[in-house]
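Asks: So the sequences go chain by chain: A and B.
All letters in the first sequence, in the order written, are residues 55 to 596 by the numbering used here.
All letters in the second sequence, in the order written, are residues 55 to 596 by the numbering used here.
Beta carbons are placed, not taken as given, at the ideal position from N, Cα and C, and that holds for glycine.
Predicted, not measured: the structure shown is a model, and the values here were computed from it.
Number of protein chains: 2
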Amino acid sequence: MPASAKHASEIHNDPGPENVAALFDSPLNTGTGRGLSLQKQLLARLKHAILEGRLPAGARLPASRTLAEDLAVSRNTVSIVYDQLAAEGFIVPHRLGTRVAQLSLDPRVAEEAARQSARRRSAEDAVVAKTTSADVAHQTPEPHVGDSPAAAPSASRRVQRLPATSHAARANESPLPFVPGVPSLTRFPASTWRRTLERVMREAQPRHYHYGDPLGEPALREAIAEHLRISRGVRCDASQVVITEGAHEALILCVRLLTDPGDTVWMEDPGYRGAKAAFHASDVRLQAMRVDDEGIVIPPGAWAASTPRLVYVTPSHQYPLGSVLSASRRLDLIAQARHYGTWILEDDYDSEFRHQGEPIAAMQGMVPDAPVVYVGTFSKTMFPALRLGFLILPTQLAAQTRDALDELLRGGHRFEQLALADFIRSGQFARHLGRMRRLYRERQTALREALAEHFDPAYAVIGERCGLHLTVRLDPAFHDKTIVATALREGMGPRALSSFALDPQPADNGLVIGYGDTDAARIPSLIKRLAAIVATQGKVGR
Amino acid sequence: MPASAKHASEIHNDPGPENVAALFDSPLNTGTGRGLSLQKQLLARLKHAILEGRLPAGARLPASRTLAEDLAVSRNTVSIVYDQLAAEGFIVPHRLGTRVAQLSLDPRVAEEAARQSARRRSAEDAVVAKTTSADVAHQTPEPHVGDSPAAAPSASRRVQRLPATSHAARANESPLPFVPGVPSLTRFPASTWRRTLERVMREAQPRHYHYGDPLGEPALREAIAEHLRISRGVRCDASQVVITEGAHEALILCVRLLTDPGDTVWMEDPGYRGAKAAFHASDVRLQAMRVDDEGIVIPPGAWAASTPRLVYVTPSHQYPLGSVLSASRRLDLIAQARHYGTWILEDDYDSEFRHQGEPIAAMQGMVPDAPVVYVGTFSKTMFPALRLGFLILPTQLAAQTRDALDELLRGGHRFEQLALADFIRSGQFARHLGRMRRLYRERQTALREALAEHFDPAYAVIGERCGLHLTVRLDPAFHDKTIVATALREGMGPRALSSFALDPQPADNGLVIGYGDTDAARIPSLIKRLAAIVATQGKVGR
Numbered sequence: 055m056p057a058s059a060k061h062a063s064e065i066h067n068d069p070g071p072e073n074v075a076a077l078f079d080s081p082l083n084t085g086t087g088r089g090l091s092l093q094k095q096l097l098a099r100l101k102h103a104i105l106e107g108r109l110p111a112g113a114r115l116p117a118s119r120t121l122a123e124d125l126a127v128s129r130n131t132v133s134i135v136y137d138q139l140a141a142e143g144f145i146v147p148h149r150l151g152t153r154v155a156q157l158s159l160d161p162r163v164a165e166e167a168a169r170q171s172a173r174r175r176s177a178e179d180a181v182v183a184k185t186t187s188a189d190v191a192h193q194t195p196e197p198h199v200g201d202s203p204a205a206a207p208s209a210s211r212r213v214q215r216l217p218a219t220s221h222a223a224r225a226n227e228s229p230l231p232f233v234p235g236v237p238s239l240t241r242f243p244a245s246t247w248r249r250t251l252e253r254v255m256r257e258a259q260p261r262h263y264h265y266g267d268p269l270g271e272p273a274l275r276e277a278i279a280e281h282l283r284i285s286r287g288v289r290c291d292a293s294q295v296v297i298t299e300g301a302h303e304a305l306i307l308c309v310r311l312l313t314d315p316g317d318t319v320w321m322e323d324p325g326y327r328g329a330k331a332a333f334h335a336s337d338v339r340l341q342a343m344r345v346d347d348e349g350i351v352i353p354p355g356a357w358a359a360s361t362p363r364l365v366y367v368t369p370s371h372q373y374p375l376g377s378v379l380s381a382s383r384r385l386d387l388i389a390q391a392r393h394y395g396t397w398i399l400e401d402d403y404d405s406e407f408r409h410q411g412e413p414i415a416a417m418q419g420m421v422p423d424a425p426v427v428y429v430g431t432f433s434k435t436m437f438p439a440l441r442l443g444f445l446i447l448p449t450q451l452a453a454q455t456r457d458a459l460d461e462l463l464r465g466g467h468r469f470e471q472l473a474l475a476d477f478i479r480s481g482q483f484a485r486h487l488g489r490m491r492r493l494y495r496e497r498q499t500a501l502r503e504a505l506a507e508h509f510d511p512a513y514a515v516i517g518e519r520c521g522l523h524l525t526v527r528l529d530p531a532f533h534d535k536t537i538v539a540t541a542l543r544e545g546m547g548p549r550a551l552s553s554f555a556l557d558p559q560p561a562d563n564g565l566v567i568g569y570g571d572t573d574a575a576r577i578p579s580l581i582k583r584l585a586a587i588v589a590t591q592g593k594v595g596r
Numbered sequence: 055m056p057a058s059a060k061h062a063s064e065i066h067n068d069p070g071p072e073n074v075a076a077l078f079d080s081p082l083n084t085g086t087g088r089g090l091s092l093q094k095q096l097l098a099r100l101k102h103a104i105l106e107g108r109l110p111a112g113a114r115l116p117a118s119r120t121l122a123e124d125l126a127v128s129r130n131t132v133s134i135v136y137d138q139l140a141a142e143g144f145i146v147p148h149r150l151g152t153r154v155a156q157l158s159l160d161p162r163v164a165e166e167a168a169r170q171s172a173r174r175r176s177a178e179d180a181v182v183a184k185t186t187s188a189d190v191a192h193q194t195p196e197p198h199v200g201d202s203p204a205a206a207p208s209a210s211r212r213v214q215r216l217p218a219t220s221h222a223a224r225a226n227e228s229p230l231p232f233v234p235g236v237p238s239l240t241r242f243p244a245s246t247w248r249r250t251l252e253r254v255m256r257e258a259q260p261r262h263y264h265y266g267d268p269l270g271e272p273a274l275r276e277a278i279a280e281h282l283r284i285s286r287g288v289r290c291d292a293s294q295v296v297i298t299e300g301a302h303e304a305l306i307l308c309v310r311l312l313t314d315p316g317d318t319v320w321m322e323d324p325g326y327r328g329a330k331a332a333f334h335a336s337d338v339r340l341q342a343m344r345v346d347d348e349g350i351v352i353p354p355g356a357w358a359a360s361t362p363r364l365v366y367v368t369p370s371h372q373y374p375l376g377s378v379l380s381a382s383r384r385l386d387l388i389a390q391a392r393h394y395g396t397w398i399l400e401d402d403y404d405s406e407f408r409h410q411g412e413p414i415a416a417m418q419g420m421v422p423d424a425p426v427v428y429v430g431t432f433s434k435t436m437f438p439a440l441r442l443g444f445l446i447l448p449t450q451l452a453a454q455t456r457d458a459l460d461e462l463l464r465g466g467h468r469f470e471q472l473a474l475a476d477f478i479r480s481g482q483f484a485r486h487l488g489r490m491r492r493l494y495r496e497r498q499t500a501l502r503e504a505l506a507e508h509f510d511p512a513y514a515v516i517g518e519r520c521g522l523h524l525t526v527r528l529d530p531a532f533h534d535k536t537i538v539a540t541a542l543r544e545g546m547g548p549r550a551l552s553s554f555a556l557d558p559q560p561a562d563n564g565l566v567i568g569y570g571d572t573d574a575a576r577i578p579s580l581i582k583r584l585a586a587i588v589a590t591q592g593k594v595g596r
C-alpha cells in the first residue's frame, strides 16, 4: 500500500483518543496536606487503568493539553506523567499519537476489572473516594481463582524437613522460668554495656559505618583468641577467628565450608535442636549417635561403614544430657577423624559456667593440629540479642577458605564488636563472668534442693555440674511432652527431653530445666508445682 | 589363681608409683600475681604429661600426700587436681592406687615428646621457665609430618566454586572514591542515629535482651510495610515482612526456602556478584540471562526447555547496567512465572534514589498475588555496617514457611531494629532520604559532566538515572580489569564491568563507577586521572 494511502487509511480507521478522564470514577484529590501529589495520583491511576485492561493495548492517549483540561490539572503534570509511563514502557510513542503498549495481561484480570468497574460506578454517588496509592492498589481485582498453572509455586522440600518447634516466648514477652539456654537478663550489666557502646559510637569515624572486615573486627578477634587461649586451652591466634551471627551462623558456615550435598554428618542423640535444624536446612545426611554418661558413643565399624564428613559434639557439657566427653573418647575421636579425613565440630556453648571442679579444657587444644573446628557464642555469657558467635578454624583450613569466607560473609555490626572487644580487654567481661558463675551456682543449688524435696528420687538428675540447665529423667510412663505443654499453660518453660532426640528411644523422656534466668527464691514453689504436674500424669509424686 | 596369690603377684609385679615430680623440668611457679594458680599449673602439666605419653597408660600415680611433699604444694591442691583428672577420664581409680587411663595416643606424639624432653633437659641449666598454660601448650610436640591418613581433611567442593574477588578496602580503611554501592558515610546523620539508639537502650527492659521474634521486631516490620506500600507500591502488611542480615541473608534464605539442590536459577548477566556468590554457595544450577536496555532478555523456548525455580532480577535499576525492566517484560515475566510455578526474586536495592523521573514502582505490586519475593536493604539508605535487610513474602508462602523460618532465624539486634523503627516513624528517615537524593543527584551530575569532558564520547554512559553508580562502556580493546587494577593502585575504586559477568561477552567491558561516597568537588580531577589511565591502555583519551 503506498505510504499516503496507508496514512489516509490509518486516519480513517483511527477511532480517536480514549476518553481517559471518563475512566476515572472519582476526581483527583486536589487537597494539600498528606495526600499524594496530583502527579503521583495520575500516574498510579493511569498505570492501573492499563494493567486492568481498561485502557487497552494500542489505545491512543489524548494530547497532554487535552487531558490536563479534562482533569483540571496543569499540562506540565500530564507531560511528566506521560514521560514516566513511556520510560517504564507502559506507553509508546506513535506518529499519530502516544499509544498504550502491548502488554501480557491475564484475561481474567480484565474480566475482573470490568466487574469491579461496574460495582464502582454503582457506588459512585455514595462516596467520593480520597485516592491514595494504597487505595488504588486495593481497588485492583481480587486474586483470580480457578487457574491451575502447570505447577503451583511452592516452597522447597527442605522446608518440609524443618519441624515445627513450640516456642514458649516471642518478641516482647519475657522468657518464662525454666527455659533452658537463657542466661540472666536482669543481672546483665546493661548500663555498663550501654556506656561502652555509646563511647564507641561517639569515637567512631565515618569509615566505621562501612562494611568492615568480613571476618569481623580485628580488635574483637584478638580479644577472643587471647581469652580462649587462657581460659579454654584453645590453640589459636586472631587470624583463625571468624565472627558470626551467633553459633547458629557458625554451624551453617561449617556446613558450607566443609560438606557437600549428601555427605554424612554425625550428631549426638539426644542433641542440640539448633544444630539439627542447621543440618536439616542443608543437604547432608544426618546420622544420630547415642550418648551415655561418657558422651557420644560410636559403634564399632561405624567409621568404616558410614564415614562422616563432620561430627558435631558438645564435649564439655553434652547438650542436653550434660555428660563430659571422657579423655579416652576424645582422643579416639580425634584419631579416627584424622584417619578418615573427618572434621570435628566442637560446640563449647556454656563451658564458662562450671559448678563443680575446673572448667574442662577444650578438645581442640588437647593435641596439636587437631581436626577440630571450635564453635563458641556470647549468647550465654553476654545476652542472646547480641547475636555474636565465632569459629576457630584450624590454620590450613583458614588459608584454604579465606576467599570463600570473603564471599560468604559481610561484616557489619562493628560498634557492637568494638564494644565487646573493649568489654573483654578492660576486664569487665571477666568480672561479669565471675558474678554470673556465683549466681548460677546459687540457682543450680536451689534447683537441686527443690528437686530433691519434691521429685521422686528415682528420677535421675543429670548434667547439673555445668551451665544453665540440668535434666531430670522421667519414667517412660510419663509423657514428657504432655507435662511440658501443661507446664507452659501454667507459665513455666522447661523443655521435653524427647524433643531433643533425632531417633527417640523410650529412655529419652524427661525435663530439661533451665535456671539461668529464674530467681532462686522462686524455684522451690515452681518446682513444687512442676512436680504436681508430673504427678497428675499417673504416678504419685513424692 | 587364688585371690590371695593374685594379690601377692600384683604387689610383687607392681613397680611402684611413678616419680611424677621428676617428669617436670622446672618447678611450679609459686609467685603471686598474674600467673596461673598452682592448681591450674599442676593440672595442665599432668594432662600434658599423659597426652605426650610421658606418664604412660597404666602408670600408677603417687598418693596425693607424696606428690604434695615432692612438689612443695598443699595436699588439697593435689587432691583437687586428681579429682579433676578423674572426672575428665585421664586417670582411673584402682585398688592399688590411681592409674593413668588407656588412651589412644598417636605413637609419633610419644616419640616427639621424648625428643623434646631430651632437648629440654639439656637446656635446663640455662633457663628456669615460668610456666603458663600457653607455654605448656607450646611445649607439646610439633605437628607430625609424613603421616598420610586415608583422606586428608579438606574443604567442600563448594568452596572451590566461590571465586576470589579483589576487595579494595578492608576493616579500618576508608572506602576509596568511586567504589559502587557505597552510600555517603560522612553525610550520614550519625549523632541523630546514636541518640536514637541510646534512647532505645535506656528505655529497654531486661526482656529486650532475649532473642525476640525470629522474624524481627514487630515495630520495624510495621514501619517497613508502611513505607513500602506508600513509596514503592508493594502490596504487603507487617506479617509478610522478614528482617534479615542484609540483602545477602535475604537471598540465602530465599534459596533455602524456595529451591532444592539441582534446581535451575536464572540471573541477569552481567549481574550482582553478591547474588552470584549466594547462588554458588548453594547447590542450584545457575543460568545466565543476558540484559539489554529493557532489562533481562529471556530467549524463546527457555521457559519450557530450562524451567527455572527462581529468577533473580533487579528491575528498577539493573545492577550494574542500569536498565529499567519495561512494563511489557515485567508482565511477561510474571505471566510465565505463574504458568511454570517459578518464583521471581525482585531485588530493589537503590530505588529510593531516582535522579530522573518518578521512582519506578515495584514489580511486586503491579498485579495482585504476583509470584514475587521482594528483597530490600537499608545498607544504602542508612549505612552498610547496620546489616539490615528484609524480604516481603507473598501471603501463602509466608504461611507455608512460618515454621521453617522459626528454625532458620534467630532474631537479635533488637535495639538497632527498634531504633530504626523509631527513625522511620519519626520522619527522620524520610528527611535523610531527601537530603541524600539531593546529594547523590549533585554528585551524579558532577560525574556525568566530568565524563563528558574527559572521556571519549564513544564510551556510552548508562544507568545514570538512578542509584549510586553508573557504568561507562569501553571499547573491547581496553581490558577493564587492567584499568581497574591500575586505578586501585592510584587510590580509586571503580569496578570492572567484566567482573560482573557470569558468562563474559566482549561487550561486557567497562567501568562501574560509584559516586555515593565521593565528594563532588573531587570528581573532576579524579575522572581526569581515570581517563588518563584508560588512555594509556592504547586509544587516546579525549
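1) Could you name the residues of the same chain whose beta carbon sits closer than 6 angstroms to that of G200(A), not counting the 5 residues immediately before and after it, in chain order?
2) Do you know how far the Cα of T84(B) is from the Cα of F469(A)?
3) What ranges does the alpha helix (DSSP H) occupy inside the segment 62–148 of chain A, keeping only unbroken runs of at least 4 residues that lie completely in it?
4) Would G560(A) and S552(A) be called neighbours here (beta carbons separated by less than 7 angstroms)?
5) Using the three-state DSSP reduction, which class does H44(B) fall into: helix, strand or coil?
6) For Q498(B), which residues of its own chain have a beta-carbon under 8 angstroms away from its beta-carbon, when the five flanking residues on both sides are left out?
7) Which value, in whole angstroms, describes the spacing of the CA atoms of V365(B) and T396(B)?
8) What are the boundary residues of the alpha helix (DSSP H) that includes A575(A)?
9) Decide if D347(B) is buried, meaning its Cβ has at least 16 other Cβ atoms within 10 Å, or exposed.
10) Taking DSSP as the reference, what is the three-state secondary structure of Y263(A)?
11) If we ignore side chains and look at the alpha-carbon of each, how far apart do P438(B) and E252(B) end up?
12) Quick one: Cα of D496(B) to Cα of Y403(B), how far?
13) Please work out which residues of its chain come closer than 7 angstroms, Cβ to Cβ, to S220(B), disregarding the five sequence neighbours upstream and downstream, and give them in chain order.
14) Please report the straight-line C-alpha distance between Q482(A) and D476(A), rounded to a whole angstrom.
15) What separation, rounded to the nearest whole angstrom, lies between the Cα atoms of P71(B) and Y136(B)?
16) Nearer than 6 angstroms: is that true of the beta carbon of S360(A) relative to any heavy atom of the ligand FMN?
17) Is I516(B) helix, strand or coil when you go by DSSP?
18) What is the DSSP secondary structure of M436(B), counted as helix, strand or coil?
19) Would you kindly work out how many angstroms separate the C-alpha atoms of P578(B) and A555(B), rounded to a whole number?
20) Closer than 9 angstroms between beta carbons: that is the criterion. Which residues of the segment 391–424 of chain B meet it against chain A?
21) Is the beta carbon of K101(B) sitting closer than 7 angstroms to the one on P237(B)?
22) Output the distance between the C-alpha atoms of A416(A) and L462(B), rounded to the nearest integer angstrom.
23) Mind pulling the alpha helix (DSSP H) runs of 4 or more residues that sit fully within the segment 438–521 of chain B?
24) Taking the alpha-carbon of P229(B) as reference, which of M546(B), L528(B), V588(B) has the nearest alpha-carbon?
25) What are the partner residues of H523(B), as DSSP defines its beta bridges?
26) If the criterion is Cβ atoms closer than 7 angstroms, does the pair R344(A) and V351(A) meet it?
27) Using three-state DSSP, classify G328(A) as helix, strand or coil.
28) Could you compute how far the alpha carbon of N563(A) sits from the alpha carbon of R215(A)?
29) Measure the beta-carbon distance from V427(A) to I414(A) and round it to whole angstroms, keeping in mind my assumption that it falls under 8 angstroms.
30) Between V127(A) and the rest of its own chain, which residues show a CB-CB distance below 6 angstroms, the 5 nearest in sequence each way excluded?
31) Between V319(B) and P362(B), which are expected to be in contact by the criterion C-beta below 8 angstroms, what is the C-beta distance as a whole number of angstroms?
Replies: Inspection of the coordinates gives the following:
1) For the purposes of this step, residue 200(A) is identified with residue 146 of the first sequence, where counting begins at 1. Residue placement at G200(A) cannot be trusted, given a pLDDT of 34 that sits under 50; what the coordinates show is reported in the next sentence. Correct list: empty, nothing qualifies.
2) In the first sequence, the residue the question calls residue 469(A) occupies position 415. In the second sequence, the residue the question calls residue 84(B) occupies position 30. Rounded to whole angstroms, F469(A) to T84(B) spans 41 angstroms at the Cα level.
3) 92–105, 118–125, 129–142
4) Position 506 of the first sequence holds residue 560(A). Position 498 of the first sequence holds residue 552(A). Here residue 560(A) is Pro; the residue named in the question, Gly, does not match the sequence. No.
5) In the structure as shown, chain B starts at 55 and stops at 596, and residue 44(B) therefore has no counterpart that could be examined.
6) Position 444 of the second sequence, counted from the start, is the residue given in the question as residue 498(B). For Q498(B), where only same-chain residues beyond five positions count, the Cβ hits under 8 angstroms are H409, E518, L524, Y569.
7) Along the second sequence, read from residue 1 onward, the residue named residue 365(B) stands at position 311. Along the second sequence, read from residue 1 onward, the residue named residue 396(B) stands at position 342. Whole-angstrom Cα-Cα distance: 7 angstroms.
8) Working through the first sequence from its first residue, we reach residue 575(A) at position 521. From DSSP, A575(A) is part of no alpha helix (DSSP H); its letter is neither H nor E.
9) For the purposes of this step, residue 347(B) is identified with residue 293 of the second sequence, where counting begins at 1. Under this definition D347(B) is an exposed residue.
10) Position 209 of the first sequence, counting from 1, holds the residue named residue 263(A). In the structure shown, Y263(A) sits in a helix (DSSP, three-state: H, G or I).
11) To locate residue 438(B), count along the second sequence from 1; it is residue 384. To locate residue 252(B), count along the second sequence from 1; it is residue 198. Answer to the nearest angstrom: the Cα atoms are 20 angstroms apart.
12) The count along the second sequence starts at 1 and reaches residue 496(B) at position 442. The count along the second sequence starts at 1 and reaches residue 403(B) at position 349. In the sequence as presented, Asp is not what sits at residue 496(B); that position holds Glu. So the alpha carbons of these two residues sit roughly 20 angstroms apart.
13) Start at 1 with the first residue of the second sequence, and residue 220(B) comes out as number 166. Unreliable positioning characterises S220(B) in this predicted model, as indicated by a pLDDT of 47, which lies under 50. The coordinate reading is nonetheless provided below. Same-chain partners within the cutoff: there are none.
14) For this step, residue 482(A) is matched to residue 428 along the first sequence. For this step, residue 476(A) is matched to residue 422 along the first sequence. Straight-line Cα distance between these residues: approximately 8 angstroms.
15) Position 17 of the second sequence, counted from the first residue, corresponds to residue 71(B). Position 82 of the second sequence, counted from the first residue, corresponds to residue 136(B). About 14 angstroms.
16) Of ligands this structure carries none, so the ligand FMN is not represented either.
17) Reading the second sequence from its first residue, position 462 is the one you call residue 516(B). I516(B): strand per DSSP, three-state reduction.
18) Translated into positions along the second sequence, residue 436(B) becomes position 382. M436(B): coil per DSSP, three-state reduction.
19) Stepping through the second sequence from its first residue, residue 578(B) is reached at position 524. Stepping through the second sequence from its first residue, residue 555(B) is reached at position 501. Looking at the two C-alpha atoms, the distance is approximately 29 angstroms.
20) A391, R392, H393, Y394, G395, T396, W397, Q410, G411, E412, I414, A415, G419, M420, V421, P422, D423
21) Translated into the one-based positions of the second sequence, residue 101(B) becomes position 47. Translated into the one-based positions of the second sequence, residue 237(B) becomes position 183. Cβ atoms of K101(B) and P237(B): not closer than 7 angstroms.
22) Counting from one through the first sequence, the residue named residue 416(A) turns up at place 362. Counting from one through the second sequence, the residue named residue 462(B) turns up at place 408. Their backbone Cα atoms lie some 28 angstroms apart in a straight line.
23) 449–462, 468–479, 482–508
24) Translated into positions along the second sequence, residue 229(B) becomes position 175. Nearest option by C-alpha distance: M546(B).
25) Locating residue 523(B) in the second sequence gives position 469, counting from the first residue. Beta-bridge pairing links H523(B) to G568(B).
26) Residue 344(A) sits at position 290 when you count from the first residue of the first sequence. Residue 351(A) sits at position 297 when you count from the first residue of the first sequence. Yes; because the gap between Cβ atoms is below 7 angstroms, this pair is in contact.
27) Start at 1 with the first residue of the first sequence, and residue 328(A) comes out as number 274. Residue state, collapsed to three classes: helix.
28) The sequence position of residue 563(A) within the first sequence is 509, counting from 1. The sequence position of residue 215(A) within the first sequence is 161, counting from 1. Rounded to the nearest angstrom, the two C-alpha atoms are 23 angstroms apart.
29) The residue given as residue 427(A) occupies position 373 in the first sequence. The residue given as residue 414(A) occupies position 360 in the first sequence. Contact flag wrong, Cβ pair sits at about 18 angstroms.
30) If you number the first sequence from 1, residue 127(A) lands on position 73. These residues qualify, in order along the chain: L92.
31) Taking the first residue of the second sequence as position 1, residue 319(B) is located at position 265. Taking the first residue of the second sequence as position 1, residue 362(B) is located at position 308. Contact flag correct, Cβ pair sits at about 6 angstroms.
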